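Read left to right, the sequence shown gives residues -10 to 146 (the numbering used here).
Here a beta-carbon is modelled for each residue, glycine too, at the ideal position from N, C-alpha and C.
Quantities reported herein were computed from a predicted structural model and do not represent experimental measurements.
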Amino acid sequence: MSDKPTSSLDILNPTPSKNIRTPEEGEKAHHLEALSKLMIERAAAQDFTHPVWRNLSPKFVGEFDYHTEEPVRDFAGFVRHHRTIREKFPDYFFEFVNVSADVHERNGTASVYVLLKVTGYPTSLERASILVLRWRHQEDSWSCYREGVIRGIQWHW
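Now the structure itself:
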């Protein structure tokens, strides 16, 4: 098999062996991947009281390409956004498919790329979405300060 990607999905969904990291970067990347996955799972379950949300920055900003209003500017807005969609589309659900973190040790930042499977929004459609979570390391902890979501195309899983 060639090392060159054959499609955009190959680029967005790399095999773990393609992520070459130092042991320290690998440990941080795995930690951020696990935190990001847990956030996805808790948001999908509409569980906004879970301790994982302490990792969101007070200055958190969420931007959704399908959201016509201003970007979400805090955790309360994030919760409101998800609850509003669930009220309008009761079958709305998203689940984790894959994750990959890119840690920038020197400047204390990281980007976590998440591939999601989204159902029920709109009704009776399954599609992919790509989520990018931006993290910053401050005072011995990681804080998620930005989320960007790009709605994907219909996908036959």
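- Alpha-carbon spacing of His71 relative to Glu16, whole angstroms: Within the sequence shown, numbered from 1, the residue matching residue 71 stands at position 82. Within the sequence shown, numbered from 1, the residue matching residue 16 stands at position 27. Their Cα atoms are separated by approximately 31 Å.
- Task: Report the residue from Glu136, Ala32, Arg135 and Leu24 whose alpha carbon sits nearest the alpha carbon of Phe83.
- Result: For the purposes of this step, residue 83 is identified with residue 94 of the sequence shown, where counting begins at 1. Out of Glu136, Ala32, Arg135 and Leu24, Ala32 has the C-alpha closest to the C-alpha of Phe83.
- For Phe85 versus Ile29, is the C-beta spacing smaller than 7 Å? The residue you call residue 85 lines up with position 96 of the sequence shown. The residue you call residue 29 lines up with position 40 of the sequence shown. Going by C-beta atoms, Phe85 is nearer than 7 Å to Ile29.
- Item | Rounded distance between the beta-carbons of Phe37 and Val68, thought under 8 Å | Start at 1 with the first residue of the sequence shown, and residue 68 comes out as number 79. Start at 1 with the first residue of the sequence shown, and residue 37 comes out as number 48. About 5 Å; that satisfies the 8 Å criterion.
- Query: Can you tell me where the beta strand (DSSP E) with Arg125 in it begins and where it stops?
  - Reply: Here the question's residue 125 lines up with position 136 in the sequence shown. Residues Glu115 to Gln127.
- Query: Should Glu94 be labelled buried (16 or more other beta-carbon atoms within 10 Å of its own) or exposed?
  - Reply: Looking up residue 94 in the sequence shown gives position 105. Looking at its Cβ environment, which holds fewer than 16 other Cβ atoms inside 10 Å, Glu94 is exposed.
- Specify the secondary structure class of Arg140 as computed by DSSP and reduced to three states. Numbered from its first residue, the sequence shown carries residue 140 at position 151. Arg140: strand per DSSP, three-state reduction.
- Message: Tell me which residue opens and which closes the alpha helix (DSSP H) that Gly66 is part of.
- Response: In the sequence shown, the residue the question calls residue 66 occupies position 77. Per DSSP, Gly66 belongs to the alpha helix (DSSP H) from Phe64 to Lys77.
- Beta-carbon contacts of Leu122 that lie in its chain and below 6 Å, excluding the five residues immediately before and after: Mapped onto the sequence shown, residue 122 falls at position 133. Result list for Leu122: Ser25, Val101, Cys133 and Glu136, in chain order.
- Could you check which residue in Ser46, Ser130, Pro40 and Ala34 has the C-alpha nearest to that of Gly97? Position 108 of the sequence shown holds residue 97. Out of Ser46, Ser130, Pro40 and Ala34, Ser130 has the C-alpha closest to the C-alpha of Gly97.
- Message: Using DSSP's beta-bridge definition, name the partner residues of Arg135.
- Response: Within the sequence shown, the letter at position 146 stands for residue 135. Looking at the DSSP assignment, Arg135 forms a beta bridge with Val50 and Arg123.
- Item | Boundaries of the beta strand (DSSP E) in which Asn87 is found, first to last residue | Numbered from its first residue, the sequence shown carries residue 87 at position 98. First-last of the beta strand (DSSP E) with Asn87: Phe82 to His93.
- Query: What does a CB cutoff of less than 8 Å around Trp42 pick up in its chain, not counting 5 residues either side in sequence?
  - Reply: What you label residue 42 is simply residue 53 of the sequence shown in a count that begins at 1. Cβ neighbours of Trp42 beyond the five flanking positions: Met28, Arg31 and Phe64.
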